[in-house]
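These notes are about the structure you will find just below.
This is the structure in structure tokens:
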């Protein structure tokens, strides 16, 4: 082993002193011959005979040198270096070809690397600086009979923590926002409510001060301490080295800054960068809905677990489920039908990982398509070159190169191209790292945080892509060398024929493949476009125009309930008095916004739920005139009025689906429903609308008066024809007239709210659109290349046809029909593939069949137009053939 | 790819070279070739050229060392370690 390594080192060293060693060898062998000749002369031979004899004894002089050189250096490396040098020279010699090929590969590999980096940075390792993310799982609740997830309650969380053994840690991280004023600047900032073990559990150690200490997450408002982010420290606190121990007011409560996190740590929520963290004991300061740490029915936290090494998700889930079952039995009032589930990070249901997952999955398929198309393009270019280089290959074979050596040369050339393409691609990916954020609008002035991550895994995957590309690229010309017929080699090639298929089948096959792949992408883009249009034009069940949506942060400002109520009443009066305002109302939840409705187990007179099922329904707390302001029609009954307050009987308005499900055709007006232990009388039935997502199916839902179920964190809705900007300044004046310290949230139209809620579809459409366009362009280039090559190789045939009387029109038709035949083949194949694949778009499609004829039809039209454009120039060139010259040459 | 047969020949050549150097002390390539031909009584028809890759191989493995002598008389001297 040691010996062979030593040999290897010596051989390696010899590579760098080749010229010198060659000279030495020459000297040595020459002196050997001289001595041999001398000896022969002394034996009495004639000079001629002496030399001949010496040479004969020596054996082949050049062969010896060749053997010696093979022994001295590393022939594998030397020939590879040779191939590399030769390949680079070939590329330099045809810069146009090289640039085109490298550009195609850069786009193909770059698209792959960019999507890899997004998937890595958003789904698989979303939290930079957090250690061992592969052990982390997301923790969320489930409710029987409902799809999706729910939040968890603090007591349930604490019970899990106490009773489970397979976990290193359970920790809470719940996103929240607040207005942060430092000096004279106020900004909306995102922060996190966390359990005290948070920083230890994720393995992030503050660079200044400390994390939270155990016990700091217990007690009502007991520990007003905060850890701030590096960015906040550097930006807003100007990197103050004495920051620890200073105080900062959050939501009117003075917090002591106890720590600063390291640079590059952004918290644990996919989509937003956290600026500060507070312990869970401060929950009431930041969350609407009061003190919830002791309320098992209040589900508000988002949590993660860290598995012990070697524990699988299934084992962990079993343990969790067992505890959840016990909780269900011990606390039936709050926990009946409730489960707890673990999710891999990339499926985390409560942050943007879940929203982006389907889009990124589809992108992965799309970029593979783009790569294949790019490879086919470059493969075609190489094929053309390999025809042009047939002579060179033949000569190489003739002077003794093995076919293996030839294939190696071709693969090396492929490797040079794909390595350059990969280098370019990684640059593209680096530039696109933050590209995803651009597709999402900033909300409330805070930009999203969705960085791609280019780590060694992404590099390795890209290298893998590069190697596969090389193999694909080298394959076609390598197969061609197998066909070289040495005997017939130097006979000049006969001209090709436009009409005939024959030899060109590989190239045609590649073009058909390109066309079919881009057709699939076009169909996908068409489906997404239609789906988005359907989503945007479907009525969500409330007016999207002429209704504005904003909020005043009373929780941040430290208002208690009575003061908040007084403020809301006064502000409503002022707003309604503004010119152009038709009506205005407060309500707790904005439809289609991020955040969760209140939900409750209900009981209904005369309705017997199936055993083992606890009907749970979501509801919204809304003010008087909510239905007229948002434009939700009432089917029967009345809406809430100012009279429905704390002093009068409890009332509720249900939607049509709920009425149909629980009263089965009876008129629910006057009937009773039990909500959180209180009976409410139903006074109205509202039409169904969309609550959480435009794509949801109708579900039971009801409304209760805000006054009878008060929340300080209510949003303000204003029906007015005025623009948000005009309204914002008027509103600001009115708010400040009441309290100069209050901040007003962004004023947006409800249409904007709907658009924001459909941004994942928009993002998917934009990305598939961009890449589909790219694919179409690449395929058109491929088609153009094949057709122009065919035309250039068939001048003799074209000339002959012209000489025999074919007009320009006939030739045009001949070439175009050949191009269109290829396109038709590609479209047919593509349609078959698309029929099988578009189902994968499922979760992103809304009211559009994956086999929608309109999408297929428009993809066909676009493809055909692109093909006609691509074929027209070669066809036109065909008509310019000079028959006399073509026949003479 | 050396065939088994050539490996046997190579092994024999290696032994002859090493034996020669062990008994005769430092020698140059031509000297070694001459000596091998003499002791085999001209029975072994050795292509003298094949000696050089073999000497290089021995050197790479550290079995022998080499140095340059003056041009005319000893082009290269070899010795066992």
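Residue numbers (my numbering), protein chains in the order written: chain A, 721 to 1609; chain B, 116 to 196. No residue lacks a Cβ here, since even glycine has one placed at the ideal position from N, Cα and C.
Beta-carbon proximity list for residue i, same chain, < 7 Å, skipping 5 on both sides
{"i": "residue 126 (chain B)", "result": "none"}
{"i": "residue 1352 (chain A)", "result": "1261, 1262, 1406, 1407, 1409"}
{"i": "residue 1388 (chain A)", "result": "1374, 1379, 1402, 1405"}
{"i": "residue 1301 (chain A)", "result": "1295, 1438, 1440"}
{"i": "residue 1083 (chain A)", "result": "835, 1487"}
{"i": "residue 728 (chain A)", "result": "none"}
Nearest-angstrom Cα separation, counted from residue j out to residue i
{"i": "residue 900 (chain A)", "j": "residue 907 (chain A)", "result": "5 Å"}
{"i": "residue 941 (chain A)", "j": "residue 1081 (chain A)", "result": "43 Å"}
{"i": "residue 826 (chain A)", "j": "residue 815 (chain A)", "result": "16 Å"}
{"i": "residue 892 (chain A)", "j": "residue 1458 (chain A)", "result": "37 Å"}
{"i": "residue 1363 (chain A)", "j": "residue 925 (chain A)", "result": "55 Å"}
{"i": "residue 1170 (chain A)", "j": "residue 1067 (chain A)", "result": "16 Å"}
{"i": "residue 1100 (chain A)", "j": "residue 1491 (chain A)", "result": "21 Å"}
{"i": "residue 725 (chain A)", "j": "residue 1087 (chain A)", "result": "43 Å"}
{"i": "residue 1373 (chain A)", "j": "residue 1289 (chain A)", "result": "22 Å"}
{"i": "residue 945 (chain A)", "j": "residue 999 (chain A)", "result": "7 Å"}
{"i": "residue 1252 (chain A)", "j": "residue 974 (chain A)", "result": "46 Å"}
{"i": "residue 1368 (chain A)", "j": "residue 922 (chain A)", "result": "50 Å"}
{"i": "residue 1073 (chain A)", "j": "residue 1595 (chain A)", "result": "50 Å"}
{"i": "residue 1161 (chain A)", "j": "residue 1479 (chain A)", "result": "9 Å"}
{"i": "residue 1096 (chain A)", "j": "residue 1191 (chain A)", "result": "12 Å"}
{"i": "residue 1026 (chain A)", "j": "residue 885 (chain A)", "result": "11 Å"}
{"i": "residue 1049 (chain A)", "j": "residue 1183 (chain A)", "result": "54 Å"}
Other residues of its chain near residue i: CB distance less than 8 Å, five sequence neighbours each side excluded
{"i": "residue 1037 (chain A)", "result": "1061, 1062"}
{"i": "residue 1610 (chain A)", "result": "With chain A covering only 721 through 1609, there is no way to say anything about residue 1610 (chain A)."}
{"i": "residue 1220 (chain A)", "result": "Because residue 1220 (chain A) sits at a pLDDT of 41, beneath the cut-off of 50, its placement in the model cannot be relied upon, and the following sentence gives the value as read from the coordinates. Correct list: empty, nothing qualifies."}
{"i": "residue 1064 (chain A)", "result": "857, 858, 1033"}
{"i": "residue 1602 (chain A)", "result": "1519"}
{"i": "residue 1371 (chain A)", "result": "1360, 1364, 1400, 1401, 1402, 1403, 1424, 1425, 1428"}
{"i": "residue 1481 (chain A)", "result": "1248, 1251, 1252, 1255, 1564, 1566"}
Of the listed residues the options, nearest to residue i (C-alpha basis)
{"i": "residue 1497 (chain A)", "options": "A:1485, A:1056, A:1237, A:1436", "result": "A:1237"}
{"i": "residue 1106 (chain A)", "options": "A:1122, A:1092, A:1134", "result": "A:1134"}
{"i": "residue 1411 (chain A)", "options": "A:1432, A:1372, A:1470, A:1464", "result": "A:1470"}
{"i": "residue 782 (chain A)", "options": "A:1281, A:850, A:742, A:758", "result": "A:742"}
{"i": "residue 197 (chain B)", "options": "A:792, A:1500, A:772", "result": "Lying outside 116 to 196, the shown extent of chain B, residue 197 (chain B) is not represented and no answer is given."}
{"i": "residue 1563 (chain A)", "options": "A:824, A:873, A:1079, A:982", "result": "A:1079"}
{"i": "residue 1264 (chain A)", "options": "A:1277, A:1311, A:1241, A:1284", "result": "A:1311"}
{"i": "residue 1330 (chain A)", "options": "A:1318, A:1381, A:895", "result": "A:1381"}
{"i": "residue 1039 (chain A)", "options": "A:1420, A:1055, A:1059", "result": "A:1059"}
{"i": "residue 1226 (chain A)", "options": "A:806, A:1104, A:1120", "result": "A:1104"}
{"i": "residue 800 (chain A)", "options": "A:735, A:749, A:767, A:950", "result": "A:735"}
{"i": "residue 1152 (chain A)", "options": "A:1172, A:1168, A:1433, A:1166", "result": "A:1172"}
{"i": "residue 963 (chain A)", "options": "A:951, A:977, A:1143", "result": "A:977"}
{"i": "residue 861 (chain A)", "options": "A:845, A:1167, A:880, A:844", "result": "A:880"}
Beta-carbon contacts of residue i that lie in its chain and below 6 Å, excluding the five residues immediately before and after
{"i": "residue 1349 (chain A)", "result": "1303, 1305, 1437, 1439"}
{"i": "residue 1448 (chain A)", "result": "1467"}
{"i": "residue 732 (chain A)", "result": "none"}
{"i": "residue 1578 (chain A)", "result": "1246"}
{"i": "residue 850 (chain A)", "result": "922"}
{"i": "residue 1230 (chain A)", "result": "1096, 1099, 1100"}
{"i": "residue 1235 (chain A)", "result": "1499, 1543, 1546"}
{"i": "residue 997 (chain A)", "result": "912, 914, 947"}
Practice item. Please name the residues in the region 150-170 of chain B whose beta-carbon is closer than 7 Å to at least one beta-carbon of chain A, in chain order. Key: Of all residues in the region 150-170 of chain B, only 162, 163, 164, 165, 167, 168 come within less than 7 Å of chain A when Cβ atoms are compared, listed by chain position.
Practice item. Could you run through the region 803-827 of chain A and flag, in chain order, every residue whose CB is less than 7 Å away from some CB of chain B? Key: none
**Study point:** Cβ contact check for the region 947-967 of chain A and the region 1130-1140 of chain A: 3 or more pairs under 8 Å
**Key:** Result no; under three Cβ-Cβ pairs closer than 8 Å.
Check your understanding: When you check each C-beta in the region 844-855 of chain A against every C-beta of chain B, which residues fall closer than 9 Å?
Key -> none
Point to revise | Residues in the region 1223-1239 of chain A having any Cβ partner in chain B nearer than 7 Å | key: none
Check your understanding: Between the region 986-993 of chain A and the region 911-929 of chain A, do three or more beta carbon pairs fall short of 8 Å?
Key -> yes
Check your understanding: According to a CB-to-CB cut-off of less than 8 Å, which residues of the region 765-793 of chain A neighbour chain B?
Key -> 777, 778, 779, 780, 781, 783, 784, 787, 788, 790, 791, 792
**Study point:** chain B contacts made by the region 730-743 of chain A, where a contact means CB separation under 8 Å
**Key:** 730, 731
Review point. What are the residues of the region 124-145 of chain B that lie near chain A, defined by any Cβ-Cβ distance shorter than 9 Å?
Key: 143, 144, 145
Practice item. Scan the region 1491-1511 of chain A for residues whose Cβ lies nearer than 7 Å to a Cβ of chain B and list them as they occur along the chain. Key: none
**Study point:** Contact set between the region 751-764 of chain A and chain B, restricted to residues whose Cβ is under 7 Å from the partner
**Key:** 751, 752, 755, 756
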